[in-house]
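Notes follow once the structure below has been shown.
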Amino acid sequence: MEQKVTPKILQGFIELLPADQIAFEEIKGKIEKTYRRFGFVPLDTPTLEYSEVLLAKAGGETEKQIYRFQHHDSDVALRFDLTVPLSRYVAQHYPDLSFPFKRYQISKSFRGERPQKGRYREFYQCDIDVIGAEELDLSYDAEVTAAISAVFCELDIGEFVIRINNRKILSGFFSELGLGDLTADVMRTIDKLPKIGLEKTHEELIKLGVNEAQLEKIDAFVKISGSNKEKIAALRALCSNEKFTFGVDELEKVVNLAHGLGVKEKNMEIDLSIVRGLDYYTGTVYETFIVGHENFGSVCSGGRYDDLAGFYTDKKLPGVGASIGLSRLFAQLKDNGMINTETKTVSKALLLPMGEEQFPAAAKTAEALRSAGVETDVYWSAKSLKAKFKYADRCGVKFVAVIGESEAAEGKVSLRNMTTGEQTSVSAEQASQIIKKD
RNA sequence: GUGGAUGUGGCGCAGUUGGUUAGCGCGUCAGGUUGUGGCCCUGAAGGCCGUGGGUUCGAGUCCCAUCAUCCACCCCA
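In short: position in the first sequence from 1, add 15, done, that's the working numbering.
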């Protein structure tokens, strides 16, 4: 007996069985279709990049998690997100692009961090970004949220809410408070508020060294509630710092325009605890949650950054974008039984020739159905009809067409609807019409 | 990087204070029905009980080590 190699894949990497993969592709397709509807063009950058390019900006955590290795004389790394490659791409192809440049990219990224629920080392991200040359109108911030809103409407996985904020409000407010060096840590803590609750947030803030007067003001700030309009009004009354006020104005404009672009009131909510990654967001920031499934975490986040490609070019390239963590989203939808994973086939029809004598008739029928645009599979293996039907049943194909001696002679098939059990003798053309009508 | 769990046919699990041939459900295959699936019945295939060492007359079970996986934290998509 020869020694077999155990079939296995790396920790944190995943692959799906057909039923799940079909469901996954359907979601991916809907996202892509919606992005295109908003005028985003496709982009596909290399998986592997020069380390010096990918790591131009990175520090700390990112650098620890990146897959990086030596290949001959090149120091290379797997991309850990789609934004950094986009920066490089825009800086590199600047003269050949038209601005504002709107692109979407749906592909895999890699991070060698420790995996956990819904977090993998190889994962899909679905990004949209708009990049401006020198400047980018604030309206694009609203448009990105409108696209995200449209995606989640299209996905039809329940109510969702885009929680939106503006970093200028936060930094204006915190500088007014005189937090100084504490600002970054305080922001990180505020960001965790919905997860850990008000009490723990207080504790952590005190631990950080926030004094009582500051704590009181922070408290008043995060407790601002009501409708979006009311929140804006409350913010205006709270602080008159210049940057802060500018942020409030921006937030108001973005929310208003988003509604004009079709985002429903219930799907967008100002949330002052939204902070996002500290690295590059400078204005609008947002996270998206599925109502009733807030424990999923944010299923789509993004925001505005002033200077995308500063590490690659002197040109100023401000942008705004959003990213759906598709692998995570899919894992959670599946865990919660929120997607159909019954169908194991993409075929609408399965042809069952009784025996080898009927192969020519089956071939002809298959060709006719496929030409008519019907996804068609043929069961060529020599098994009992019972086994063939069982296969049809298991994979969930809707229509089965039996082709025996008599059918072949008449140029017909016995078309069976597997759901209703209805069976009729029809021509290939009639069959394609019945299937397409279904 | 830190902490916590779990490893038994393809998948999900049971296996009592260590004690004969390691079970069950699902799935797979074949048959009961030689041209009809789902339900039912019968049968079959499929296990170095994660790996290595130790204790013992005897280890799936106890001890040590190791590997792997999962969960949570950090951070983030």
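All C-beta atoms, glycine included, are put in the ideal place defined by N, C-alpha and C.
> When DSSP labels each residue in this structure, what does Lys79 get in the three-state scheme?
Replying inline: helix
> What distance in whole Å lies between the Cβ atoms of Gly336 and Gly317, which are believed to be in contact at a cut-off of 8 Å?
Replying inline: 5 Å
> For the beta strand (DSSP E) that Cys141 lies in, which residues bound it at each end?
Replying inline: Glu137 to Ile146
> Where do the N-terminal and C-terminal ends of the beta strand (DSSP E) with Thr439 fall, by residue?
Replying inline: Gln438 to Val441
> Taking only runs of the beta strand (DSSP E) that begin and end inside the region 346-409, which ones reach a length of at least 3 residues, in chain order?
Replying inline: 364-368 and 391-393
> Just to confirm, does Phe84 get its C-beta within under 7 Å of one of the non-hydrogen atoms of the ligand NAP?
Replying inline: This structure lacks the ligand NAP; in fact it carries no ligand of any kind.
> Roughly how many angstroms lie between the CA atoms of Ile37 and Leu400, to the nearest whole one?
Replying inline: 27 Å
> For the beta strand (DSSP E) that Tyr454 lies in, which residues bound it at each end?
Replying inline: For residue 454 there is no data in the structure shown, the boundaries of the chain being 16 and 453.
> What are the boundary residues of the beta strand (DSSP E) that Asn181 is part of?
Replying inline: Phe175 to Asn181
> Could you give the distance in angstroms between the alpha-carbon of Ile172 and the alpha-carbon of Arg94?
Replying inline: 30 Å
> Counting pairs of beta carbons, one from the region 118-130 and one from the region 51-63, are three or more of them closer than 8 Å?
Replying inline: yes
> Where does Arg343 land, buried or exposed, given buried means 16+ other C-beta within 10 angstroms?
Replying inline: buried
> Just to confirm, are Ile285 and Lys246 a CB contact at a threshold of 8 Å?
Replying inline: yes
> Where does the unbroken beta strand (DSSP E) through Lys117 begin, and where does it stop?
Replying inline: Phe116 to Phe125
> Where does Met16 sit, in a helix, a strand or coil, going by DSSP?
Replying inline: For Met16, the predicted model reports a pLDDT of 40, less than 50, meaning its position is unreliable; a value from the coordinates is still stated below. DSSP places Met16 in coil when its eight states are reduced to three.
> Who are the near neighbours of Ser442 in its chain, counting only those whose CB is closer than 7 Å to its CB and skipping five residues on each side?
Replying inline: Gly426 and Lys427
> Secondary structure at Leu276, three-state DSSP: helix, strand or coil?
Replying inline: coil
> Any idea if Glu422 is buried or exposed, counting beta-carbon neighbours within 10 angstroms, 16 or more meaning buried?
Replying inline: buried
> So what does DSSP say about His86, is it helix, strand or coil?
Replying inline: strand
> Where does Leu170 fall in DSSP's three states?
Replying inline: helix
> Going by DSSP, what residues sit across from Leu220 in a beta bridge?
Replying inline: For Leu220, which the question treats as bridged, DSSP gives no partner whatsoever.
> Apart from the five residues on each side of it in sequence, which residues of its chain come closer than 8 Å, Cβ to Cβ, to Val225?
Replying inline: Leu194, Leu197, Val201 and Ile233
> With a CB to CB cut of under 8 Å and the five nearest residues on each side skipped, what residues in its chain are close to Lys48?
Replying inline: Glu169
>> What residue range does the beta strand (DSSP E) around Glu302 cover?
In response: Thr299 to Ile305
> Helix, strand or coil for Ser429 per DSSP?
Replying inline: strand
> Can you tell me the Cα-Cα spacing of Val20 and Gln26, whole angstroms?
Replying inline: 17 Å
> Taking the beta strand (DSSP E) that Phe39 falls in, what are its first and last residues?
Replying inline: Premise fails: Phe39 lies in the alpha helix (DSSP H), Pro33 to Arg52, not in any beta strand (DSSP E).
> Is Glu372 buried or exposed, if buried means 16 or more other CB atoms sit within 10 Å of its CB?
Replying inline: exposed
>> Quick check on Phe414: does DSSP put it in helix, strand or coil?
In response: strand
> What are the boundary residues of the alpha helix (DSSP H) that Ala237 is part of?
Replying inline: Here the sequence assigns Val to residue 237, which means Ala is not the residue at that position. Start and end: Glu227 to Val237.
>> My assumption, with CB atoms under 8 Å, is that Asp408 sits in contact with Met369. Please give the rounded CB distance.
In response: About 18 Å separates the two Cβ atoms, so there is no contact after all.
> Got a sec, what are the start and stop residues for the alpha helix (DSSP H) Ser102 sits in?
Replying inline: Thr98 to His108
>> Can you give me the C-alpha to C-alpha distance between Asn181 and Thr391, rounded to a whole angstrom?
In response: 52 Å
> Among all the DSSP beta bridges, which residues are the ones paired with Glu1?
Replying inline: Examination of residue 1 is not possible in this model, given that the chain is present from 16 through 453 alone.
>> Here's the rule I'm using: 16 or more other beta-carbon atoms within 10 Å means buried, otherwise exposed. How should Leu208 be labelled?
In response: buried
> Between the region 101-116 and the region 322-329, do at least 3 Cβ pairs fall closer than 8 Å?
Replying inline: yes
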